[in-house]
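Last residue of the sequence shown? That's 168 in the working numbering, and every number before it is there in order.
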Amino acid sequence: MQTRIRSLALAALVSVLVVVPALAKGPPWISIELPVNPYDQSMRGAFLLVHSFHHGTAMGYIVTGTAEGIVNGERRSVKLEFAPTGREGVYALRQTWGQEGTWTLVIKANQGPDDAATAVVDLGPDGAVAAIRVPTMQRGQWTVPAPVSLSDVDTALRARAAVLARRS
1 MQTRIRSLAL AALVSVLVVV PALAKGPPWI SIELPVNPYD QSMRGAFLLV
51 HSFHHGTAMG YIVTGTAEGI VNGERRSVKL EFAPTGREGV YALRQTWGQE
101 GTWTLVIKAN QGPDDAATAV VDLGPDGAVA AIRVPTMQRG QWTVPAPVSL
151 SDVDTALRAR AAVLARRS
């Protein structure tokens with residue numbers, strides 16, 4: 001009897017060891033949701049929602065980000081805070097950056113060190129979302145999240161701020 005239990009336990013352990021690495025392979029994904037459902041208490045007052053995924057499955061990854069801005073010609077960076085909602089892998093972002101200036105939100109779903117999917121959210125002059133992109137690259141036959149550098153964000157932000165300044 002004990003031999004049978006040990007055999008079953010060993011089989012279960014081997015199954016877990018085979019399945020876990022398979023689940024860990026592959027990149028995370030991120031998506032942005034708006035407008036936010038005003039009827040869900042856990043989301044009420046949020047500027048937008050962030051969804052984090054592994055393949056097609058919602059995952060409670062660590063979500064981090066910054067609001068990168070230019071206000072009256074000065075560069076600003078504000079750490080973003082994300083609140084969990086009642087749904088797995090869904091986080092609410094409340095506005096903590098100023099109303100003035102040109103802003104870009106850089107939001108990451110972190111699966112591990114150097115393994116993140118990044119959403120770049122440009123805000124328009126009215127403070128509303130003007131564009132959302134998740135930069136990607138090809139890895140063999142797969143489309144995967146591309147790394148996003150702060151210098152790339154800074155260059156694009158400065159160019160956008162200059163264009164908006166010329167319009168006003």
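Cβ coordinates follow ideal geometry from the N, Cα and C atoms, glycine included.
Exposure of residue i, with buried meaning 16 or more beta-carbon neighbours within 10 Å
i      : result
Trp97  : buried
Gln99  : exposed
Thr118 : buried
Met195 : This structure leaves residue 195 out entirely; the chain is present only between 1 and 168.
Tyr39  : exposed
Ile62  : exposed
Delimiting residues of the beta strand (DSSP E) encompassing residue i
i      : result
Pro93  : Per the sequence shown, the amino acid found at residue 93 is Leu instead of Pro. Segment Val90 to Leu93, the beta strand (DSSP E) holding Leu93.
Leu49  : Leu48 to His54
Pro147 : Taken as a continuous stretch (DSSP letters only), Pro147 belongs to no beta strand (DSSP E), as it is neither H nor E.
Lys108 : Thr102 to Gly112
Ser77  : Glu74 to Lys79
Thr96  : Counting along the chain, Thr96 falls outside any beta strand (DSSP E), and DSSP gives it neither H nor E.
Short Cβ contact (9 Å threshold) for residue i with residue j
i      : j      : result
Lys108 : Gly73  : no
Ser77  : Glu88  : no
Pro27  : Pro113 : no
Thr104 : Asp126 : no
His55  : Gln111 : no
Ala162 : Gly101 : no
Endpoints, the alpha helix (DSSP H) within which residue i is located
i      : result
Leu150 : Leu150 to Arg167
Rounded C-alpha distance that separates residue i from residue j
i      : j      : result
Leu23  : Ser151 : Its pLDDT being 46, under 50, Leu23 is placed unreliably in this model, and the coordinates cannot settle the point.
Ser172 : Pro147 : Because the chain is modelled from 1 through 168, residue 172 falls outside the range shown and cannot be assessed.
Gly86  : Gly60  : 11 Å
Trp29  : Thr57  : 10 Å
Val19  : Glu33  : The pLDDT assigned to Val19 is 41, lower than 50, so where the model puts this residue is not dependable, and the model offers no usable value.
Below-9 Å beta-carbon distance, residue i vs any chain D residue
i     : result
Asn72 : Although the question refers to chain D, the structure presented lacks it and comprises just one protein chain.
**Contact the segment 88-103 vs the segment 41-50: 3+ CB pairs below 8 Å** = yes
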